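Here the structure is laid out as structure tokens; the discussion comes afterwards.
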Amino acid sequence: MQSRGRSKMKNFKEFDKFVELVEEGTKELAKNTLRGYKDEALADAKVFLESSKDDARRWSKLLLKGELTQEDYEWLILSKKDVVELQLLKDAGLAAVRIDRFKNALMNLVIDTAFDVFV
Amino acid sequence: MNKSIKLLMVFFSIFTFSLFLNGCSTVMPKFDKVAYEKAVSLKVDSLALMENSTESYDTHEEEVKRLTLRLEKAYEYAKGKPNNKLITKQWSIIKDSKKHQIGGFLKRWKEKEMLSKIFINESKKTIADGFDQVIGLESGLIKAKNAE
Numbered sequence: 254m255q256s257r258g259r260s261k262m263k264n265f266k267e268f269d270k271f272v273e274l275v276e277e278g279t280k281e282l283a284k285n286t287l288r289g290y291k292d293e294a295l296a297d298a299k300v301f302l303e304s305s306k307d308d309a310r311r312w313s314k315l316l317l318k319g320e321l322t323q324e325d326y327e328w329l330i331l332s333k334k335d336v337v338e339l340q341l342l343k344d345a346g347l348a349a350v351r352i353d354r355f356k357n358a359l360m361n362l363v364i365d366t367a368f369d370v371f372v
Numbered sequence: 023m024n025k026s027i028k029l030l031m032v033f034f035s036i037f038t039f040s041l042f043l044n045g046c047s048t049v050m051p052k053f054d055k056v057a058y059e060k061a062v063s064l065k066v067d068s069l070a071l072m073e074n075s076t077e078s079y080d081t082h083e084e085e086v087k088r089l090t091l092r093l094e095k096a097y098e099y100a101k102g103k104p105n106n107k108l109i110t111k112q113w114s115i116i117k118d119s120k121k122h123q124i125g126g127f128l129k130r131w132k133e134k135e136m137l138s139k140i141f142i143n144e145s146k147k148t149i150a151d152g153f154d155q156v157i158g159l160e161s162g163l164i165k166a167k168n169a170e
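Structure (structure tokens):
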């Protein structure tokens, strides 16, 4: 009876160790696969905003000089707006790609840790 | 610990995590060389055709039709791939004649018959930027594949 109880305790300890190792590994994985994404996305947005300001200034000057019509000017502004939408879709896609990578690596970590701890 | 219990625990752990991970199913497709090349080739050909829009639309109508058909094919190709909603949405914006990317530019050319050189040069920049967002996402799939 006592030995069965001890065996059960050992099983729980091994499971705790497994959970602990997966937890540690997950933190490391998250650092390696998801790190830097926010900074990259913000830098990308900053470059885009700067170039948009330059474009809008240049188009305004061309409009004032009569080299662009009001209709051309509006078309270009709306075109830039479409680029923003396309960029947001790209950013969402790249974030999803990182999550997929993280998920695959996490699955490998769980399998490796389970075999290391239990077998 | 009994070997069969150990194996049971391994399978239980893996099964539990698989259930959890399947809940957050794969959201992006694998890298597709054909899709990437289609995007690059359509960008180059669109910008080249735009150069001609200082001339009469009628003289380039056949080229416009051919390009429009290729854009439509790229959209349908993207739409047919699983987990590819974001890239499909990007193509829908690029080809849409009511939007302000290449599809909208070609419609404007047809309506105006010919366009000014300055407008063409400025719109080439925004249309190239638009294609770059599709190409950027497709090449982001390369990075993901290499990193695995």
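If you're matching them up, the sequences are chains A and B in order. According to the working numbering, the first sequence holds residues 254 to 372 in order. According to the working numbering, the second sequence holds residues 23 to 170 in order. Where a beta carbon is used, it is the ideal one built from N, C-alpha and C, also for glycine. All values reported here derive from a predicted model rather than from experimental measurement.
Answer with yes or no whether the minimum CB distance from residue i to chain B is below 8 Å.
i, result
"residue 319 of chain A", "no"
"residue 340 of chain A", "yes"
"residue 353 of chain A", "yes"
"residue 349 of chain A", "yes"
"residue 329 of chain A", "yes"
"residue 365 of chain A", "no"
"residue 325 of chain A", "yes"
Answer yes or no: does any C-beta atom of chain A fall closer than 8 Å to that of residue i?
i, result
"residue 173 of chain B", "In the structure as shown, chain B starts at 23 and stops at 170, and residue 173 of chain B therefore has no counterpart that could be examined."
"residue 49 of chain B", "yes"
"residue 159 of chain B", "yes"
Would the beta-carbon of residue i fall within 8 Å of that of residue j?
i, j, result
"residue 114 of chain B", "residue 97 of chain B", "yes"
"residue 137 of chain B", "residue 76 of chain B", "yes"
"residue 294 of chain A", "residue 335 of chain A", "no"
"residue 64 of chain B", "residue 153 of chain B", "yes"
"residue 61 of chain B", "residue 160 of chain B", "yes"
Who are the neighbours of residue i on chain A, taking C-beta pairs under 8 Å?
i, result
"residue 92 of chain B", "Within chain A, no residue comes near residue 92 of chain B; the closest Cβ sits about 18 Å away, beyond 8 Å."
"residue 111 of chain B", "342"
Who are the neighbours of residue i on chain B, taking C-beta pairs under 7 Å?
i, result
"residue 333 of chain A", "148"
Just to make sure I have the definition right: I need the residues of chain A whose C-beta is within less than 7 Å of the C-beta of residue i. Which are they?
i, result
"residue 124 of chain B", "Ordered by position in chain A, no residue passes the 7 Å Cβ test against residue 124 of chain B, which lies about 10 Å from the chain."
"residue 121 of chain B", "335"
List, in chain order, every chain B residue whose beta-carbon is nearer than 8 Å to that of residue i.
i, result
"residue 345 of chain A", "108"
For the ligand FMN, is there a heavy atom less than 7 Å away from the beta-carbon of residue i?
i, result
"residue 65 of chain B", "Inclusion of the ligand FMN in the displayed structure is not the case, the ligand content being empty and no account of it being possible."
(request) With 9 Å as the limit, tell me which residues of the stretch 139-151 of chain B have their beta carbon closer than that to any beta carbon of chain A; keep them in chain order. (result) 140, 141, 144, 145, 147, 148, 149 and 151
(message) If the cut-off is 9 Å on Cβ atoms, which residues from the stretch 300-315 of chain A count as contacting chain B, listed in chain order?
(response) 301, 304, 308, 311, 312 and 315
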